[in-house]
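>
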Amino acid sequence: MKHAPLTRAALLVYGILVLVVLYVPVAAIAFASFSKARYLSFPIRRYTTEWYERAFDSSTVPELVSTSLKVAFAVAVISVVIGFFGALAFARYRWRFRGLFQKLVLLPIFFPQAVLGLAILMWFNALGIVPTWQTAIVAHLTWIAPIATLIIAIRAYGFDPALEEAARDLGAGTWQVLREVTLPLLWPGIVSAGLFAFLLSWGNFPLSLFTTGADSTLPEWLYAKMVSGYSPLVPSVGVMTVLVSIVLIAGGFAFVWGSRRRRG
Amino acid sequence: MDRTEERQGLLSALPVALVLAAIFLAPLLVVALFAFMPPGSFGLAHAPTLENFRLFFAQGYYSSLLWSLGMAAAATIVLFLVCYPLAYGMAKVFRSFTLVITLLVVMSLFVSENIRLFGWVLTLMKGGLLSGYLKAWTGLEMDSALYSVPVIVFGLVYSYLPFMLFPLAQGIAMVPEDVRLAASDLGASRTRILWEIDLPLAMPGIVVGSLLSFVLSAGAMAESKLLGGQTVVVMADEIESAFTYGQNWPLGSALAVILILIIGLLATVALAKVDLDGIMGRRR
Chain Z
5 MKHAPLTRAA
15 LLVYGILVLV
25 VLYVPVAAIA
35 FASFSKARYL
45 SFPIRRYTTE
55 WYERAFDSST
65 VPELVSTSLK
75 VAFAVAVISV
85 VIGFFGALAF
95 ARYRWRFRGL
105 FQKLVLLPIF
115 FPQAVLGLAI
125 LMWFNALGIV
135 PTWQTAIVAH
145 LTWIAPIATL
155 IIAIRAYGFD
165 PALEEAARDL
175 GAGTWQVLRE
185 VTLPLLWPGI
195 VSAGLFAFLL
205 SWGNFPLSLF
215 TTGADSTLPE
225 WLYAKMVSGY
235 SPLVPSVGVM
245 TVLVSIVLIA
255 GGFAFVWGSR
265 RRRG
Chain H
106 MDRTEERQGL
116 LSALPVALVL
126 AAIFLAPLLV
136 VALFAFMPPG
146 SFGLAHAPTL
156 ENFRLFFAQG
166 YYSSLLWSLG
176 MAAAATIVLF
186 LVCYPLAYGM
196 AKVFRSFTLV
206 ITLLVVMSLF
216 VSENIRLFGW
226 VLTLMKGGLL
236 SGYLKAWTGL
246 EMDSALYSVP
256 VIVFGLVYSY
266 LPFMLFPLAQ
276 GIAMVPEDVR
286 LAASDLGASR
296 TRILWEIDLP
306 LAMPGIVVGS
316 LLSFVLSAGA
326 MAESKLLGGQ
336 TVVVMADEIE
346 SAFTYGQNWP
356 LGSALAVILI
366 LIIGLLATVA
376 LAKVDLDGIM
386 GRRR
């Protein structure tokens, strides 16, 4: 249906407006991170990069970064590996319990994450496991592995099963089909699922809250500082976590773009 | 349905299914069992009791539940109204701008929810970005916009916008263009096309988007804590404090079970009505 230019323009302006609102708080934090005052108030009178230097010099921040990185890396790798097979069962193969399996995968996504974290804490307690950053990996997986599965499944829905059948008819074994046909076809989905998993784990707070024990991730530390009175380190550390995400996303894009060019 | 495919399906489902059984279903079972233990106990070796569920009514925890569900409903309605025009634009009107919106909205998800909500605190507080510069530039005094129910709903709308926007856009994209054209040729007005073609045919997307927004809002805690201060105590907050300050695992479990049952019931009813394969883009 044709759309009047006025409708188009109005929708375009509306879209830009929504995007601006979406990024207002990020901009506010970036702005606040350069304020010299110990007790932040706007308008900012004197600017400084002191808080960034302090964050780098402190002993806690690098430790938080390394914990968060370890957790996110493990979550991404495990999610992608089990999500790859899960996606095939979700979207590609027709088998008896597919409907049930799809519901099992979707269910955790609908769950309140803080409640999930508490449930896992009780489960570990019942098993006699003391929570550390390793248990946080498990907690993140309950929510992030299903999301990784879904992302790869979307890709798996889009490919033609005839390609696999052709390979099989030409004499390829099960593993060879998987390695040489299925895996390359799903590759873009796998890369974005890995990126999603990493970033969602990197920024996750409600699942970490009860499951890291004495260890702490970056979002947990930030939250603790936010509710227990203002610290001028909160905006600067917050901005740095956002920067890490941006670098990773840019890297992911470069990778996808590069692999597309290589294939011509 | 051939045998190899049957076996391959089962085998490839196994890793995810086992992991989820061990770290999702088993913990939920523990919570369900704890809900029937006497208040204040820390083990499962007691005679089951309904005491915790009595406390839910006797100590007014239901008002927290009602606040959670009420604000979630409000947020879902606002989200639908806010997202529909944009989702329509993404599905039917914009071309490359759809990609820009998708990328920027997805990227905002990667900034920790905490950080984004704290950004709103800095923006809306007294002497914050908004009131500070308003005063400096125009001399107008503005009170803090924080610590009220509407601002919590705003926080929910803000946090869960992507979860309404994308399913909605996907749903609207599923409305065949020739059906709309036919209706238009036969003289249907824009409003009539919206009510009788767009909305019914986009229903799977509307259902999934509303379900996600409602469920995530109903279980949310950070919005009411950071933006709402002490205005209302939501259900997830009650559950957390029963576990932490209260050291009352059975009570916390019972509250969690109540919340989970409501959410699970909604999700099951809603998902039964939706063709998942269709909305995720199956080609066959």
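Top line first, the protein sequences correspond to chains Z and H. For the first sequence, my numbering begins at 5 and goes up steadily by one. For the second sequence, my numbering begins at 106 and goes up steadily by one. Beta carbons are placed, not taken as given, at the ideal position from N, Cα and C, and that holds for glycine.
(1) Please name the residues in the stretch 276-310 of chain H whose beta-carbon is closer than 9 Å to at least one beta-carbon of chain Z, in chain order.
(2) When DSSP labels each residue in this structure, what does S249 (chain H) get in the three-state scheme?
(3) Does DSSP put Y51 (chain Z) in a helix, a strand or coil?
(4) Please identify the residue among H:P267, H:L116, H:Y238, H:A287 whose C-alpha is closest to the C-alpha of S315 (chain H).
(5) Use the C-beta contact count for R2 (chain Z): other C-beta atoms within 10 angstroms, 16 or more gives buried, fewer gives exposed.
(6) Have a look at G268 (chain Z) and F257 (chain Z) and give me their C-alpha separation to the nearest angstrom.
(7) Fully enclosed by the stretch 299-360 of chain H, which alpha helix (DSSP H) runs are 4 residues long or longer?
(8) Please state whether DSSP places G268 (chain Z) in a helix, a strand or coil.
(9) DSSP three-state label for S146 (chain H), please.
(10) How many Å lie between P272 (chain H) and L184 (chain H) at the Cα?
(11) Under 9 Å between beta-carbons, which chain Z residues line up against Q113 (chain H)? List them in chain order, please.
(12) R221 (chain H) CB to nearest chain Z CB: under 8 Å?
(13) Could you check where the alpha helix (DSSP H) with D283 (chain H) kicks off and where it finishes?
(14) Can you pull the chain H neighbours of L110 (chain Z), defined as C-beta to C-beta under 9 Å?
(15) Could you tell me which chain A residues have their CB closer than 8 Å to the CB of T228 (chain H), listed as they occur along the chain?
(16) Quick one: does S119 (chain Z) have its CB under 8 Å from some CB of chain H?
(17) So if DSSP puts S39 (chain Z) in a beta bridge, which residue, or which two residues, is it bridged to?
(18) For I82 (chain Z), I'd like the list of residues in its chain whose CB is within less than 8 Å of its CB, leaving aside the five on either flank, ordered along the chain.
(19) Could you give the residue range of the alpha helix (DSSP H) that holds Y238 (chain H)?
(20) Measuring CB to CB, does I257 (chain H) end up less than 8 Å from T373 (chain H)?
(21) Taking Cβ positions only, does W354 (chain H) come closer than 8 Å to chain Z?
(22) Can you tell which of Z:G207, Z:L211, Z:A14, Z:E57 has the C-alpha that lies nearest to the C-alpha of S240 (chain Z)?
(23) Beta carbons nearer than 7 Å to chain H: which residues of the stretch 216-230 of chain Z have them?
In terms of the structure at hand:
(1) E282, R285, L286, S289, I298
(2) coil
(3) strand
(4) H:P267
(5) The shown model of chain Z, from 5 to 268, leaves out residue 2 (chain Z), and the question about it has no answer.
(6) Residue placement at G268 (chain Z) is poorly supported in this model, since its pLDDT is 43, which falls under 50; the coordinates still yield a value, given next. Each residue's alpha carbon lies about 17 Å from the other.
(7) 308-323, 327-331, 340-348
(8) Caution is warranted here: a pLDDT of 43 is assigned to G268 (chain Z), below 50, making its placement in the model unreliable, and the coordinate value is therefore given only provisionally. DSSP places G268 (chain Z) in coil when its eight states are reduced to three.
(9) coil
(10) 12 Å
(11) L92, A93, R96, Y97, W99, T178
(12) yes
(13) 282-290
(14) A372, L376, L381
(15) Annotation note: the requested chain A is absent from the structure, which comprises protein chains Z and H.
(16) Reading off the sequence shown, one finds Val at residue 119 (chain Z), where the question assumed Ser. It does; some Cβ of chain H falls within 8 Å.
(17) Z:Y51
(18) I141, L145, A149
(19) 234-243
(20) no
(21) yes
(22) Z:E57
(23) P223, L226, Y227, M230
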